[in-house]
Amino acid sequence: MGSRSSHAVIPDADSIRRETGFSQASLLRLHHRFRALDRNKKGYLSRMDLQQIGALAVNPLGDRIIESFFPDGSQQVDFPGFVRVLAHFRPVEDEDTETQDPKKPEPLNSRRNKLHYAFQLYDLDRDGKISRHEMLQVLRLMVGVEVTEEQLENIADRTVQEADEDGDGAVSFVEFTKSLEKMDVEQKMSIRILK
Amino acid sequence: MALQMFVTFSPWNCLLLLVALECSEASSDLNDSANSTAQYAPNAWFAAASSEPDERISVFELDYDYVQIPYEVTLWILLASLAKIGFHLYRRLPGLMPESCLLILVGALVGTIIFGTDHKSPPVMDSSIYFLYLLPPIVLEGGYFMPTRPFFENIGSILWWAVLGALINALGIGLSLYFICQVKAFGLGDVNLLQNLLFGSLISAVDPVAVLAVFEEARVNEQLYMMIFGEALLNDGITVVLYNMLIAFTKMHKFEDIEPVDILAGCARFIIVGLGGILFGIVFGFISAFITRFTQNISAIEPLIVFMFSYLSYLAAETLYLSGILAITACAVTMKKYVEENVSQTSYTTIKYFMKMLSSVSETLIFIFMGVSTVGKNHEWNWAFICFTLAFCQIWRAISVFALFYISNQFRTFPFSIKDQCIIFYSGVRGAGSFSLAFLLPLSLFPRKKMFVTATLVVIYFTAFIQGITIGPLVRYLDVKKTNKKESINEELHIRLMDHLKAGIEDVCGHWSHYQVRDKFKKFDHRYLRKILIRKNLPKSSIVSLYKKLEMKQAIEMVETGILSSTAFSIPHQAQRIQGIKRLSPEDVESIRDILTSNMYQVRQRTLSYNKYNLKPQTSEKQAKEILIRRQNTLRESMRKGHSLPWGKPAGTKNIRYLSFPYGNPQSAGRDTRAAEFSDDDSSDPGSPSIMFSALSRIGSLQKQEAQEIIPMKSLHRGRKAFNSGYQRNTSQEEYLGGVRRVALRPKPLFHAVDEEGESGGESEGKASLVEVQSRWTADRGHGRDHNRSHSPLLQKK
Numbered sequence: 001m002g003s004r005s006s007h008a009v010i011p012d013a014d015s016i017r018r019e020t021g022f023s024q025a026s027l028l029r030l031h032h033r034f035r036a037l038d039r040n041k042k043g044y045l046s047r048m049d050l051q052q053i054g055a056l057a058v059n060p061l062g063d064r065i066i067e068s069f070f071p072d073g074s075q076q077v078d079f080p081g082f083v084r085v086l087a088h089f090r091p092v093e094d095e096d097t098e099t100q101d102p103k104k105p106e107p108l109n110s111r112r113n114k115l116h117y118a119f120q121l122y123d124l125d126r127d128g129k130i131s132r133h134e135m136l137q138v139l140r141l142m143v144g145v146e147v148t149e150e151q152l153e154n155i156a157d158r159t160v161q162e163a164d165e166d167g168d169g170a171v172s173f174v175e176f177t178k179s180l181e182k183m184d185v186e187q188k189m190s191i192r193i194l195k
Numbered sequence: 001m002a003l004q005m006f007v008t009f010s011p012w013n014c015l016l017l018l019v020a021l022e023c024s025e026a027s028s029d030l031n032d033s034a035n036s037t038a039q040y041a042p043n044a045w046f047a048a049a050s051s052e053p054d055e056r057i058s059v060f061e062l063d064y065d066y067v068q069i070p071y072e073v074t075l076w077i078l079l080a081s082l083a084k085i086g087f088h089l090y091r092r093l094p095g096l097m098p099e100s101c102l103l104i105l106v107g108a109l110v111g112t113i114i115f116g117t118d119h120k121s122p123p124v125m126d127s128s129i130y131f132l133y134l135l136p137p138i139v140l141e142g143g144y145f146m147p148t149r150p151f152f153e154n155i156g157s158i159l160w161w162a163v164l165g166a167l168i169n170a171l172g173i174g175l176s177l178y179f180i181c182q183v184k185a186f187g188l189g190d191v192n193l194l195q196n197l198l199f200g201s202l203i204s205a206v207d208p209v210a211v212l213a214v215f216e217e218a219r220v221n222e223q224l225y226m227m228i229f230g231e232a233l234l235n236d237g238i239t240v241v242l243y244n245m246l247i248a249f250t251k252m253h254k255f256e257d258i259e260p261v262d263i264l265a266g267c268a269r270f271i272i273v274g275l276g277g278i279l280f281g282i283v284f285g286f287i288s289a290f291i292t293r294f295t296q297n298i299s300a301i302e303p304l305i306v307f308m309f310s311y312l313s314y315l316a317a318e319t320l321y322l323s324g325i326l327a328i329t330a331c332a333v334t335m336k337k338y339v340e341e342n343v344s345q346t347s348y349t350t351i352k353y354f355m356k357m358l359s360s361v362s363e364t365l366i367f368i369f370m371g372v373s374t375v376g377k378n379h380e381w382n383w384a385f386i387c388f389t390l391a392f393c394q395i396w397r398a399i400s401v402f403a404l405f406y407i408s409n410q411f412r413t414f415p416f417s418i419k420d421q422c423i424i425f426y427s428g429v430r431g432a433g434s435f436s437l438a439f440l441l442p443l444s445l446f447p448r449k450k451m452f453v454t455a456t457l458v459v460i461y462f463t464a465f466i467q468g469i470t471i472g473p474l475v476r477y478l479d480v481k482k483t484n485k486k487e488s489i490n491e492e493l494h495i496r497l498m499d500h501l502k503a504g505i506e507d508v509c510g511h512w513s514h515y516q517v518r519d520k521f522k523k524f525d526h527r528y529l530r531k532i533l534i535r536k537n538l539p540k541s542s543i544v545s546l547y548k549k550l551e552m553k554q555a556i557e558m559v560e561t562g563i564l565s566s567t568a569f570s571i572p573h574q575a576q577r578i579q580g581i582k583r584l585s586p587e588d589v590e591s592i593r594d595i596l597t598s599n600m601y602q603v604r605q606r607t608l609s610y611n612k613y614n615l616k617p618q619t620s621e622k623q624a625k626e627i628l629i630r631r632q633n634t635l636r637e638s639m640r641k642g643h644s645l646p647w648g649k650p651a652g653t654k655n656i657r658y659l660s661f662p663y664g665n666p667q668s669a670g671r672d673t674r675a676a677e678f679s680d681d682d683s684s685d686p687g688s689p690s691i692m693f694s695a696l697s698r699i700g701s702l703q704k705q706e707a708q709e710i711i712p713m714k715s716l717h718r719g720r721k722a723f724n725s726g727y728q729r730n731t732s733q734e735e736y737l738g739g740v741r742r743v744a745l746r747p748k749p750l751f752h753a754v755d756e757e758g759e760s761g762g763e764s765e766g767k768a769s770l771v772e773v774q775s776r777w778t779a780d781r782g783h784g785r786d787h788n789r790s791h792s793p794l795l796q797k798k
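If you read the protein sequences in the order shown, they are chains A and B. Mapping to UniProt numbering: the first sequence position 112 is 112, numbers consecutive. Mapping to UniProt numbering: the second sequence position 718 is 718, numbers consecutive.
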């Protein structure tokens with residue numbers, strides 16, 4: 001990586017590494033990216049900074065992804081927070097599951113945490129359930145304008161119906177996990193470069 | 001489907017046949033000494049008949065000679081185009097086999113016809129025509145459409161693989177065949193080492209890009225894509241250089257006494273030829289980029305400059321016996337970045353399409369000629385040679401792939417898996433390149449040329465058809481662990497969500513590469529190159545102006561489709577919902593699944609999906625527009641309300657379809673400053689007709705549903721006293737009403753407001769201006785919203 005002066009020392013690098021499991025090289029790259037996104041050199045990222053990523057503007061979930069970086073209504077995200085979100089997408093390696101210390105908290109890129117991240121994209125009001133309305137909103141986002149409202153509502157109904165087991169008209173996290181048990185979530189939500 | 005297409009060819013062919021038969025009859029009747037080339041001379045017939053009364057003017061004349069060559073060439077190209085249309089009409093076919101297979105089949109068909117009618121095909125292909133006219137467009141297209149960033153990121157691996165792979169393949173196949181030829185039993189004793197080496201070099205000219213389209217859905221990773229692309233790009237150049245060198249060798253040393261000095265000289269020459277060609281290409285690329293800087297006022301010649309300079313680089317390199325192919329490739333790669341920024345939008349489109357067209361014509365002609373050669377009498381079938389050629393092609397490709405990648409994997413951050421290597425191995429499909437080189441072997445130096453041509457044809461047919469057709473299933477088999485065909489709706493939705501999510505996070509992470517080199521180049525580029533090569537005073541709103549055009553068209557379309565779909569809406573459904581969720585029958589489930597699959601947005605492809613024979617259709621742009629509009633509206637709403645992205649309790653708003661988020665509780669007070677900034681914009685701008693019209697039309701369809709939700713909305717809004725946007729809303733409501741009425745009467749030009757925004761932001765990516773525009777748009781959008789709300793009592797009379 002070189003001895004360029006612009007490679008600032010990352011504060012709390014060790015604790016971040018322990019928490020997220022990134023290698024030193026990946027952490028350096030992420031830090032470089034963080035600084036590239038932080039246009040005014042504020043030291044943190046605001047929503048505007050993330051919105052400058054043009055590709056997110058044409059992603060149907062772009063806004064929600066940006067929002068997920070700002071949990072609990074905060075307006076800024078610092079580097080540890082940034083990395084914490086991206087840690088969800090670290091590929092799952094065998095060593096992670098082998099050296100599973102039952103006392104330590106689950107690593108951020110475990111299947112459960114990945115699913116939890118995806119769940120939060122649906123569940124905007126953070127009540128722990130995906131209501132029919134929330135499902136409908138996500139559907140609206142992901143589908144073109146040719147589909148009528150009626151069809152969308154049917155689809156939303158059906159989706160909730162399929163997953164809902166205790167009949168409360170909403171999908172809880174457990175039900176969500178169960179409906180995706182056959183899916184290879186680890187592979188779908190892993191980005192190769194984030195080793 | 002395709003058969004029907006072939007049937008329609010028969011009128012053309014009947015015409016051709018009739019003319020051919022008539023002419024052949026005529027010529028056989030006459031004395032053949034009149035025409036030495038055994039071509040038709042209907043003129044002679046008429047001349048003979050009218051030789052006695054030679055002042056008579058013939059009323060009806062037939063002169064086929066005059067137009068024969070262009071006529072037939074045009075017919076061939078037309079035939080291939082019709083076949084392509086048929087190919088694409090049947091939707092599943094492009095996924096099954098590569099398009100080059102289709103072209104080969106068409107060629108074989110034309111060949112059969114020509115053979116059947118004993119018609120002598122026009123001499124389309126000889127050495128100078130091929131190298132001067134047919135080859136450059138193909139190479140230019142490959143170079144121009146190559147995605148530069150991934151190419152340069154992986155350039156080490158690509159060069160290592162392409163150059164060494166080609167060399168190993170060529171030499172390996174040549175040497176192995178030489179040893180086979182030594183075996184007396186096969187009767188190949190007269191094929192010497194040089195000829196074998198030459199054959200090896202021409203047979204290792206692969207065309208793997210042809211199969212890319214087949215496994216595009218499997219979404220192979222970017223590095224793999226680039227390896228295949230890079231190999232295709234450089235492979236042509238390297239094999240032609242080798243070929244020319246070995247031909248020079250053959251001419252010089254007919255008696256096989258090659259000294260080591262010559263071999264060293266050969267290697268040195270190889271390097272010089274390659275590097276010299278690239279240098280030429282870069283120089284010409286910069287010159288043409290520089291010239292496009294000054295063509296604002298005469299944009300019609302911009303495509304001409306691009307093409308002429310590329311072609312010139314090729315010819316200039318060829319003059320000095322350097323590699324013209326590498327020159328034209330380097331020229332295209334260098335030129336592309338700067339030219340794309342300089343030229344006007346229409347010129348850019350023209351260049352793209354024209355390039356595709358030219359390369360497609362060239363390739364079609366070569367394949368047709370290949371077909372013509374296939375069905376003919378000039379074959380020499382030697383079982384041993386052909387079978388061993390096939391075997392060695394596969395063996396040596398496997399050896400080179402696995403050996404070279406094993407070594408390069410030691411140095412890569414993201415090594416290639418065995419699966420990737422298998423895919424690369426299997427994509428070694430031979431194409432037009434090797435046939436041309438085989439066909440153009442000088443007969444004087446190669447007495448057994450026919451055998452070579454036959455062997456080449458067999459290899460091409462085998463790889464193109466068998467490998468081309470089976471590579472799709474192979475990739476899918478390697479990629480997918482469980483093919484769960486019948487996924488539940490849940491799974492489908494969630495899978496698509498996760499794909500979008502992954503693409504989004506990848507965009508957040510950005511591209512990781514060898515930072516130092518890339519950053520250095522970027523700095524150099526910014527400081528010097530761009531100043532010289534890019535037009536001055538390029539309005540940042542060139543991106544904005546493109547956006548404008550998209551918006552206008554899209555909005556108009558949306559209005560039209562909005563009006564149409566509102567008639568399909570029905571009220572009773574609402575009553576049903578209130579009773580409870582009804583159980584849906586399996587047919588409904590099926591139809592729901594179909595709706596979902598066909599209408600969900602595609603995940604954005606990060607790599608340029610390259611299709612050799614076609615330019616990407618516009619569906620992804622339409623999708624992007626829809627998403628952008630939605631986002632705008634949300635941003636607009638959130639700005640107005642004084643918080644960034646609303647969370648919390650969803651409320652029934654009119655334009656739910658156009659919002660990414662529902663309405664919700666306020667965020668912290670920090671948002672107020674943002675609201676204050678934008679409130680100025682709100683009041684100053686009269687409105688944006690198009691978006692509003694679309695909103696109005698959508699309102700029409702949604703109004704009934706929201707009628708009862710208006711009231712809770714209003715109460716909700718009243719409840720929110722926390723922001724200063726309250727006052728803003730009141731003042732703006734009247735304005736909005738006025739604005740809307742004004743607008744409804746007189747649609748004004750859409751984007752005058754945007755022009756002011758054009759200069760804002762100076763980010764290098766230029767995307768910031770896009771975001772500014774979006775927020776500007778969201779400012780305008782709100783007019784529509786309030787208008788709807790205030791009008792809802794009127795509409796409630798339904």
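Virtual Cβ for every residue (Gly too), placed ideally from N, Cα, C.
**OP:** Verify whether the separation of the beta carbon atoms of A/Phe-89 and A/Met-183 is less than 9 Å.
**Re:** Here residue 89 of chain A corresponds to residue number 89 of the first sequence, with the count starting at 1. Here residue 183 of chain A corresponds to residue number 183 of the first sequence, with the count starting at 1. Not a contact, by the Cβ cut-off of 9 Å.
Original post:
Do B/Ile-325 and B/Gly-277 have their C-beta atoms within less than 9 Å of each other?
Top reply: Walking along the second sequence from the start, residue 325 of chain B turns up at place 325. Walking along the second sequence from the start, residue 277 of chain B turns up at place 277. The answer is yes: Cβ separation under 9 Å.
Original post:
Can you give, in chain order, each stretch of the alpha helix (DSSP H) that sits fully within the UniProt domain "EF-hand" (151–186) of chain A and has at least 4 residues?
Top reply: 173–179
**OP:** Could you name the residues of the segment 141–156 of chain A whose beta carbon sits closer than 8 Å to any beta carbon of chain B, in the order they occur along the chain?
**Re:** Leu-141, Met-142, Val-143, Gly-144, Val-145, Glu-146, Val-147, Thr-148, Glu-149, Glu-150, Gln-151, Glu-153, Asn-154 and Ile-155
Original post:
Leaving out the 5 sequence neighbours to the left and right, which residues in its chain are closer than 7 Å to A/Glu-175 when beta-carbon positions are compared?
Top reply: Along the first sequence, one-based indexing puts residue 175 of chain A at 175. Counting only Cβ-Cβ distances below 7 Å, and skipping sequence neighbours, we find Ala-163, Asp-164 and Glu-165.
**OP:** For A/Arg-33, go through chain E and note every residue whose CB falls closer than 7 Å to its CB, in chain order.
**Re:** Chain labels in this structure do not include chain E; the protein chains are A and B.
Original post:
Since A/Leu-61 meets chain B, which of its residues come closer than 8 Å, beta carbon to beta carbon?
Top reply: As a first step, residue 61 of chain A is located in the first sequence; it is residue number 61 there, counting from the start. Leu-497, His-500, Leu-501 and Gly-504, listed in chain order.
Subject >> Minimum Cβ-Cβ distance from A/Ser-5 to chain B less than 9 Å >> reply: In the first sequence, the residue the question calls residue 5 of chain A occupies position 5. Low confidence applies to A/Ser-5: its pLDDT is 41, below 50, so where it sits in the model is not reliable, and the reading given next is rough at best. It does not; no Cβ of chain B falls within 9 Å.
**OP:** Provide the residue(s) that pair with B/Arg-430 in DSSP beta bridges, ordered along the chain.
**Re:** Walking along the second sequence from the start, residue 430 of chain B turns up at place 430. B/Val-206.
Original post:
CA-CA distance, B/Phe-186 and B/Phe-249?
Top reply: Residue 186 of chain B sits at position 186 when you count from the first residue of the second sequence. Residue 249 of chain B sits at position 249 when you count from the first residue of the second sequence. Straight-line Cα distance between these residues: approximately 26 Å.
Original post:
Which residues in the same chain as A/Pro-91 place their Cβ atom closer than 6 Å to its Cβ, once the five residues preceding and following it in sequence are excluded?
Top reply: In the first sequence, counting from the first residue as 1, residue 91 of chain A sits at position 91. Contacts found: Ser-190.
Subject >> Beta-carbon proximity check, B/Phe-290 vs B/Leu-533, cutoff 9 Å >> reply: Start at 1 with the first residue of the second sequence, and residue 290 of chain B comes out as number 290. Start at 1 with the first residue of the second sequence, and residue 533 of chain B comes out as number 533. In contact: B/Phe-290 and B/Leu-533 (Cβ atoms closer than 9 Å).
Original post:
At least one CB of chain A closer than 9 Å to the CB of B/Arg-630: is that the case?
Top reply: Within the second sequence, the letter at position 630 stands for residue 630 of chain B. Taking Cβ atoms only, chain A reaches closer than 9 Å to B/Arg-630, which makes this a yes.
Original post:
Is the distance from the Cβ of A/Ile-137 to the Cβ of A/Ser-68 below 9 Å?
Top reply: Numbered from 1 along the first sequence, position 137 holds the residue referred to as residue 137 of chain A. Numbered from 1 along the first sequence, position 68 holds the residue referred to as residue 68 of chain A. A small correction: the amino acid at residue 137 of chain A is Gln; Ile does not occupy that position in the sequence shown. Not a contact, by the Cβ cut-off of 9 Å.
Subject >> Proximal residues to B/Ser-180 (C-beta, below 6 Å), its chain only, five neighbours per side dropped >> reply: If you number the second sequence from 1, residue 180 of chain B lands on position 180. Ser is not the amino acid found at residue 180 of chain B; the sequence shown has Ile there. For B/Ile-180, where only same-chain residues beyond five positions count, the Cβ hits under 6 Å are Phe-388.
Original post:
What span of residues does the beta strand (DSSP E) with A/Asp-129 cover, start to end?
Top reply: As a first step, residue 129 of chain A must be located in the first sequence, where it is residue number 129. The sequence as given places Lys at residue 129 of chain A; Asp does not occur at that position. Segment 129–131, the beta strand (DSSP E) holding A/Lys-129.
Subject >> Beta-carbon proximity check, B/Ala-464 vs B/Pro-98, cutoff 9 Å >> reply: As a working note, residue 464 of chain B is residue 464 in the second sequence. As a working note, residue 98 of chain B is residue 98 in the second sequence. Yes, Cβ-Cβ distance for B/Ala-464 and B/Pro-98 is below 9 Å.
Subject >> Below-9 Å beta-carbon distance, A/Glu-162 vs any chain B residue >> reply: By 1-based counting over the first sequence, the position of residue 162 of chain A is 162. Interface residue, yes.
**OP:** Name the one or two DSSP bridge partners that A/Val-77 has.
**Re:** One-based indexing of the first sequence puts residue 77 of chain A at position 77. Per DSSP, A/Leu-45.
**OP:** Whole angstroms is fine: what's the gap from B/Gly-111's alpha carbon to B/Leu-365's?
**Re:** Stepping through the second sequence from its first residue, residue 111 of chain B is reached at position 111. Stepping through the second sequence from its first residue, residue 365 of chain B is reached at position 365. One C-alpha to the other measures close to 12 Å.
Subject >> Meets three-Cβ-pair contact criterion under 8 Å: the segment 157–165 of chain B and the segment 224–232 of chain B >> reply: yes
Subject >> Limits of the unbroken alpha helix (DSSP H) element including B/Phe-402 >> reply: Looking up residue 402 of chain B in the second sequence gives position 402. Its alpha helix (DSSP H) spans residues 383–409.
Original post:
Does any CB atom of chain A fall closer than 9 Å to the CB of B/Gln-421?
Top reply: Taking the first residue of the second sequence as position 1, residue 421 of chain B is located at position 421. B/Gln-421 does not count as touching chain A.
Original post:
Hey, A/Leu-27 and A/Ile-10: beta-carbon distance below 9 Å or not?
Top reply: Here residue 27 of chain A refers to the residue found at position 27 when the first sequence is read from its first residue. Here residue 10 of chain A refers to the residue found at position 10 when the first sequence is read from its first residue. It is a contact, given that the beta carbons lie within the stated cut-off.
**OP:** Decide yes or no for the touch test of the segment 362–377 of chain B against the segment 69–88 of chain B: beta carbon pairs closer than 8 Å, at least 3 of them.
**Re:** yes
Subject >> Supposed close pair B/Ser-236, B/Arg-430 - CB separation, criterion 8 Å >> reply: The residue given as residue 236 of chain B occupies position 236 in the second sequence. The residue given as residue 430 of chain B occupies position 430 in the second sequence. Reading off the sequence, residue 236 of chain B comes out as Asp, not Ser. With a Cβ gap of about 12 Å, B/Asp-236 and B/Arg-430 do not count as contacting.
Original post:
Hey, would you say B/Arg-518 sits closer than 9 Å to B/Phe-152, going by beta carbons?
Top reply: Here the question's residue 518 of chain B lines up with position 518 in the second sequence. Here the question's residue 152 of chain B lines up with position 152 in the second sequence. Their beta carbons are under 9 Å apart, which means B/Arg-518 touches B/Phe-152 by this criterion.
Original post:
By how many angstroms is the C-alpha of B/Gly-174 removed from the C-alpha of B/Ile-203?
Top reply: Numbered from its first residue, the second sequence carries residue 203 of chain B at position 203. Numbered from its first residue, the second sequence carries residue 174 of chain B at position 174. Cα to Cα, the separation comes out at about 9 Å.
**OP:** For B/Gln-39, I'd like the list of residues in its chain whose CB is within less than 6 Å of its CB, leaving aside the five on either flank, ordered along the chain.
**Re:** Reading the second sequence from its first residue, position 39 is the one you call residue 39 of chain B. With a pLDDT of 43 at B/Gln-39, under the threshold of 50, the predicted position of this residue should be treated as unreliable, and no value is reported.
**OP:** With DSSP as the reference, please indicate the residues paired to B/Met-600 in a beta bridge.
**Re:** Within the second sequence, residue 600 of chain B is the residue found at index 600, counting from 1. In DSSP, B/Met-600 forms a bridge with A/Val-143.
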